[in-house]
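Undergrad:
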Amino acid sequence: DGGWSACDGASGPEREFCDGADNDCDGATDEGLRRPCGSDEGVCVMGEQTCAAGDWGDCVGEVAPAAERCNGLDDDCDGTADEAADPSLEPDRSRCPDQGVCAGGRARPVCEAGAWRCELPPDYVPVECDIVDPACGAGALDDPTCRDGVDNDCDGLDDENDAYALCRDHPDFDRVQSGEACFAALRGRCGMNGGTYECVQLAEGCGVSIDCIGATFPAPERCDGQDWDCDGQVDDRGDDDGDGFGDCPGLVDCDEGAADVHPGAEEICNGVDDDCDEAIDEGVLNTCGACGPDPVEVCDGVDDDCDGSVDEGTLNACGACGPEPAEACNNLDDDCDGAVDEGLPPDCVPGTCEAPFDYPSEGGRVTGTITGTATQDGGCRHVGVDHVYRWTAPTTGMAEITATGNFNPISLFLLDGDCEGAEVACDYQPDPGATNRLSAPVVAGRTYRLVVGHGNYRGDIALRYTLNLAPPCEPVPEIPGNGRDDDCNGVVDDVCGDGQLQGAEQCDDANAAACDGCERCQRLRHLVFDPAAQSQVVVPDTADAPLALQGTPFTVEYWGRLDDASERLDVQRRAEGNRGWGLTVFEGGVIGAGYQRATVRSEGQVIVGTGWHHYAWTWDGTNTRLFFDGQQVDEGAPDGDELVRDVSVPVHIGSFRDADGVVTLYNKGAIDEIRISSVARYDGPFTPARRHTPDGATLALWHADEGAGEQLVDASALEHHGAAQSVGWAADDGYGRFCE
Numbered sequence: 018d019g020g021w022s023a024c025d026g027a028s029g030p031e032r033e034f035c036d037g038a039d040n041d042c043d044g045a046t047d048e049g050l051r052r053p054c055g056s057d058e059g060v061c062v063m064g065e066q067t068c069a070a071g072d073w074g075d076c077v078g079e080v081a082p083a084a085e086r087c088n089g090l091d092d093d094c095d096g097t098a099d100e101a102a103d104p105s106l107e108p109d110r111s112r113c114p115d116q117g118v119c120a121g122g123r124a125r126p127v128c129e130a131g132a133w134r135c136e137l138p139p140d141y142v143p144v145e146c147d148i149v150d151p152a153c154g155a156g157a158l159d160d161p162t163c164r165d166g167v168d169n170d171c172d173g174l175d176d177e178n179d180a181y182a183l184c185r186d187h188p189d190f191d192r193v194q195s196g197e198a199c200f201a202a203l204r205g206r207c208g209m210n211g212g213t214y215e216c217v218q219l220a221e222g223c224g225v226s227i228d229c230i231g232a233t234f235p236a237p238e239r240c241d242g243q244d245w246d247c248d249g250q251v252d253d254r255g256d257d258d259g260d261g262f263g264d265c266p267g268l269v270d271c272d273e274g275a276a277d278v279h280p281g282a283e284e285i286c287n288g289v290d291d292d293c294d295e296a297i298d299e300g301v302l303n304t305c306g307a308c309g310p311d312p313v314e315v316c317d318g319v320d321d322d323c324d325g326s327v328d329e330g331t332l333n334a335c336g337a338c339g340p341e342p343a344e345a346c347n348n349l350d351d352d353c354d355g356a357v358d359e360g361l362p363p364d365c366v367p368g369t370c371e372a373p374f375d376y377p378s379e380g381g382r383v384t385g386t387i388t389g390t391a392t393q394d395g396g397c398r399h400v401g402v403d404h405v406y407r408w409t410a411p412t413t414g415m416a417e418i419t420a421t422g423n424f425n426p427i428s429l430f431l432l433d434g435d436c437e438g439a440e441v442a443c444d445y446q447p448d449p450g451a452t453n454r455l456s457a458p459v460v461a462g463r464t465y466r467l468v469v470g471h472g473n474y475r476g477d478i479a480l481r482y483t484l485n486l487a488p489p490c491e492p493v494p495e496i497p498g499n500g501r502d503d504d505c506n507g508v509v510d511d512v513c514g515d516g517q518l519q520g521a522e523q524c525d526d527a528n529a530a531a532c533d534g535c536e537r538c539q540r541l542r543h544l545v546f547d548p549a550a551q552s553q554v555v556v557p558d559t560a561d562a563p564l565a566l567q568g569t570p571f572t573v574e575y576w577g578r579l580d581d582a583s584e585r586l587d588v589q590r591r592a593e594g595n596r597g598w599g600l601t602v603f604e605g606g607v608i609g610a611g612y613q614r615a616t617v618r619s620e621g622q623v624i625v626g627t628g629w630h631h632y633a634w635t636w637d638g639t640n641t642r643l644f645f646d647g648q649q650v651d652e653g654a655p656d657g658d659e660l661v662r663d664v665s666v667p668v669h670i671g672s673f674r675d676a677d678g679v680v681t682l683y684n685k686g687a688i689d690e691i692r693i694s695s696v697a698r699y700d701g702p703f704t705p706a707r708r709h710t711p712d713g714a715t716l717a718l719w720h721a722d723e724g725a726g727e728q729l730v731d732a733s734a735l736e737h738h739g740a741a742q743s744v745g746w747a748a749d750d751g752y753g754r755f756c757e
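Be aware that the sequence shown starts at 18, since it is given in this note's numbering, and climbs by one per residue.
1) Can you tell me which of the three DSSP states C338 falls into?
2) Please name the residue or residues paired with W629 in a DSSP beta bridge.
3) Any idea if V313 is buried or exposed, counting beta-carbon neighbours within 10 angstroms, 16 or more meaning buried?
4) Under 8 Å between the Cβ atoms of V554 and G739?
5) According to the Cβ coordinates, are T409 and R463 closer than 8 Å?
6) Please name the residue, chosen from P82, A70 and R51, that lies closest to D57 on a Cα-to-Cα basis.
7) DSSP three-state call for C135: helix, strand or coil?
8) Hey, would you say C54 sits closer than 8 Å to C35, going by beta carbons?
9) Looking at C229 and G249, is the spacing between their C-beta atoms short of 8 Å?
10) Just checking: is the beta-carbon of V80 within a distance shorter than 8 Å of some beta-carbon in chain D?
11) Report, in whole angstroms, the separation of the C-beta atoms of T483 and R642, which I expect to be a contact under 8 Å.
12) Give me the Cβ distance between G274 and D258, rounded to the nearest whole Å; I'm assuming they're in contact under 8 Å.
13) Would you decide whether W629 is buried or exposed? Buried here means 16 or more other CB atoms lie within 10 Å of its CB.
14) List the DSSP bridge partners of A741.
15) Which residues in the same chain have their Cβ closer than 6 Å to the Cβ of G653, if we skip the five residues on either side of it in sequence?
16) Quick check: the Cα distance between G71 and D47, rounded to an integer number of angstroms?
17) Determine whether the beta carbon atoms of V7 and H737 lie at a separation below 8 Å.
18) Determine contact between the region 705-721 and the region 578-587, defined as no fewer than three beta-carbon pairs at a distance below 8 Å.
19) Indicate the three-state DSSP secondary structure (helix, strand or coil) for R206 in the structure shown.
20) With a 10 Å radius around its C-beta and 16 neighbouring C-beta atoms as the bar for buried, classify L268 as buried or exposed.
21) Should D25 be labelled buried (16 or more other beta-carbon atoms within 10 Å of its own) or exposed?
22) What first and last residue would you give for the beta strand (DSSP E) that runs through D91?
23) Return yes when the Cβ of P570 is within less than 8 Å of the Cβ of D637, no when it is not.
24) Between the alpha carbons of A747 and V545, how many angstroms are there, rounded?
25) Quick one, which of E593, R578, W598 and D547 has its alpha-carbon nearest G568's?
26) Kindly examine the ligand NAP and report whether one of its heavy atoms sits closer than 7 Å to the Cβ of F262.
27) DSSP on V193, reduced to helix/strand/coil?
28) Going by the beta-carbon positions, is the gap between R192 and C247 smaller than 8 Å?
29) Ignoring anything shorter than 4 residues, give me the alpha helix (DSSP H) runs that lie fully in the region 675-724, in order along the chain.
30) Provide the residue(s) that pair with D731 in DSSP beta bridges, ordered along the chain.
Here it is as structure tokens:
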């Protein structure tokens, strides 16, 4: 047809083979032909062959199989390690010695776990080791010992790695031999299972160690009655200070910072709860409730040793502190030895001025007792046995002198110089319980005799008296408004500043002759009580009972007026059992105050005639004092335990509440300006103020200026208002006015 026919008999290109021919017809022979070779079993690693000139070359990089050795590896790469290991290939490792018990080649090498060992014949009987390893005598045929210097295990070494030999050479081997307990000294659970020291074989080639086997070791403490931490203390969990007590119930240590503080410790006097019983210093305080030995009683008017007695064993024969007084010529037993004027010169005559007592020149208060027999009639110059005081006036002026006896008439007079000197002033009160008062001009530096005597009585007497002497007035310029006669002219505040009183004026009432500045004159008002009407004022106490006056200093004071000797005034807070406090003006002109079994009282009648007087009673925490018109009339040391804290106890004004808490007596008289304070406002003579202003120490202040109504208003911040029951309200120009 004009075309080529098929190419018959030709061969085309194909995949290249390693046969020395150009199979793929690319002009190159056996190019690029490679194949893996060898094995990767065991330690073998496969390599690679390359084709060249129609033949495969060497297996490059191959790790080929080798003869099997005893090394734990598959050396011949047949999938099994150490099978049919050939000992001849490792003579140094597989040699079984033929000396000692192994002579004659009785042991043969056996590969086991990658190591050669010498295997003994089947007829070998093992010899037990007495320390650790029962196979330490391996290879012995005739009962050898493990420490016989023989190669019992047929390894060519005598006693090598023998557990006993290693144990024997250990520095603590003596503990194993002694069989001593590891923790014999431990306590608690550890002491019950102390364990023993034993040899423990370590891994091959590491020797042995001596360990404690079978011991109970310390563990964290528990609260179950056992000593888990083995310190000898049971249930001391959380014991930081090492005293054996921690936080276990019933054994709680109240101070983990002090080892001497814990339950059961001895309580000592240190202000600490040593035994953790929630009480401090119990059973170790002295009788006064303090640490240390009981205080020694000293003569100071205080129960120093807290035994309930004051100054016991320390008073002198006269029952006072200090040495016994010296005997003086005064018809008295001064040294309290039962004899009068003994040991004195023969010219000592009772009742004379031979041995007068010195009176302090600055004035003051003294007490005494007149004893003996009165034989003369009354009168200033007619007295019985007397006391004579020698006094030197410090300044020129008017001396105010008072003397109060105990319900017996006394005489008081002042002599210029000695007993024969001229009489300067005299006051004789024939009535029992009277108070003598005299005012006499004195000259600075001159000595006077102040005589206190007894008159208008015949027979034996024992007269107690109190003598008060105010120092003479020393003139200074008048100070307005201080309530004093500064210039000693007998007139108080006769000069004044703006808005103050002058002279005898009641208030600044626009009189040109007086001071100015007062807008109007306010009359003072007061309460009047009538027993027929059962009038009184009842003041309830508040929740914290401040009017109980318990345990702190206080002052109770008021102005009062009695129109005859049968009248009485009461301001009191008395509870059942006759406990509480009260300031009372009794019938007969005697005043008293205090608590049950702890009272102060004037020595006889102090109120003479009618009119307004000021009464005050204080306690400074130690002593209580009673004042009449600013002058102290008695003092004492009350027992504060008699006060009552109960808020249900009210203050009664104008009535008397008995021991059963029942009002049994209603007052007759007038009262005004009643003040109760939380401080002792007076400790010496003072001029009573007619009107008070509340301050921080005022617990209650009743001015009684309402003039009408059923409430007595408290001007203090505490508002102790009282219920006025059937009281009368009155104004009294004689008592005074104030400027407002």
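Heads up, the beta-carbon is just placed ideally off N, CA and C, and yes, glycines get one too. These numbers were taken from a predicted model, which means no experiment stands behind them.
TA: Let me spell this out:
1) In the sequence shown, residue 338 corresponds to position 321, counting from 1. C338 falls in the coil class under three-state DSSP.
2) Here residue 629 refers to the residue found at position 612 of the sequence shown. The partner list for W629 (beta bridge, DSSP) reads R578.
3) Here residue 313 corresponds to residue number 296 of the sequence shown, with the count starting at 1. It counts as exposed.
4) Against the sequence shown, residue 554 aligns to sequence position 537. Against the sequence shown, residue 739 aligns to sequence position 722. Yes, these two residues count as a Cβ contact at 8 Å.
5) As a first step, residue 409 is located in the sequence shown; it is residue number 392 there, counting from the start. As a first step, residue 463 is located in the sequence shown; it is residue number 446 there, counting from the start. A contact, by the Cβ cut-off of 8 Å.
6) Indexing the sequence shown from 1 puts residue 57 at position 40. Here the closest residue by C-alpha is P82.
7) Position 118 of the sequence shown, counting from 1, holds the residue named residue 135. Strand, per DSSP.
8) As a working mapping, residue 54 is identified with position 37 in the sequence shown. As a working mapping, residue 35 is identified with position 18 in the sequence shown. It is not a contact, given that the beta carbons lie outside the stated cut-off.
9) By one-based count along the sequence shown, residue 249 stands at place 232. By one-based count along the sequence shown, residue 229 stands at place 212. Against a cut-off of 8 Å, the Cβ pair of C229 and G249 comes out as no contact.
10) Protein chain content of the structure displayed is limited to a single chain, and chain D is not contained in it.
11) Position 466 of the sequence shown, counted from the first residue, corresponds to residue 483. Position 625 of the sequence shown, counted from the first residue, corresponds to residue 642. Incorrect: roughly 13 Å between the Cβ atoms, too far for contact.
12) To locate residue 274, count along the sequence shown from 1; it is residue 257. To locate residue 258, count along the sequence shown from 1; it is residue 241. Indeed they touch by this definition, with Cβ atoms about 6 Å apart.
13) Indexing the sequence shown from 1 puts residue 629 at position 612. Counting Cβ neighbours within 10 Å, W629 comes out buried, since at least 16 surround it.
14) Here residue 741 refers to the residue found at position 724 when the sequence shown is read from its first residue. Its beta-bridge partners are V554.
15) Taking the sequence shown and counting its residues from 1, one reaches residue 653 at position 636. Here the set comprises V617 and T641.
16) Residue mapping note: residue 71 aligns to position 54 of the sequence shown, counting from 1. Residue mapping note: residue 47 aligns to position 30 of the sequence shown, counting from 1. Roughly 7 Å separates the two Cα atoms.
17) The first residue shown for the chain is 18 and the last is 757, placing residue 7 beyond what the model contains.
18) no
19) The residue labelled residue 206 in the question sits at position 189 within the sequence shown. Looking at R206 - three-state DSSP - the assignment turns out to be helix.
20) The sequence position of residue 268 within the sequence shown is 251, counting from 1. Result: buried.
21) Within the sequence shown, residue 25 is the residue found at index 8, counting from 1. Under this definition D25 is an exposed residue.
22) Indexing the sequence shown from 1 puts residue 91 at position 74. No beta strand (DSSP E) holds D91; DSSP gives it neither H nor E.
23) Indexing the sequence shown from 1 puts residue 637 at position 620. Indexing the sequence shown from 1 puts residue 570 at position 553. Result yes, Cβ atoms of D637 and P570 sit closer than 8 Å.
24) Counting from 1 along the sequence shown, the entry for residue 747 is found at position 730. Counting from 1 along the sequence shown, the entry for residue 545 is found at position 528. Near 7 Å, if we compare the C-alpha coordinates of V545 and A747.
25) Start at 1 with the first residue of the sequence shown, and residue 568 comes out as number 551. For the residues E593, R578, W598 and D547, the minimum Cα distance to G568 belongs to W598.
26) As for the ligand NAP, it is missing from this structure, which has no ligand bound.
27) Along the sequence shown, one-based indexing puts residue 193 at 176. In this structure, V193 counts as helix in the three-state DSSP scheme.
28) For this step, residue 192 is matched to residue 175 along the sequence shown. For this step, residue 247 is matched to residue 230 along the sequence shown. No, the Cβ-Cβ distance between R192 and C247 is not below 8 Å.
29) none
30) The count along the sequence shown starts at 1 and reaches residue 731 at position 714. Answer is W719, bridged to D731.
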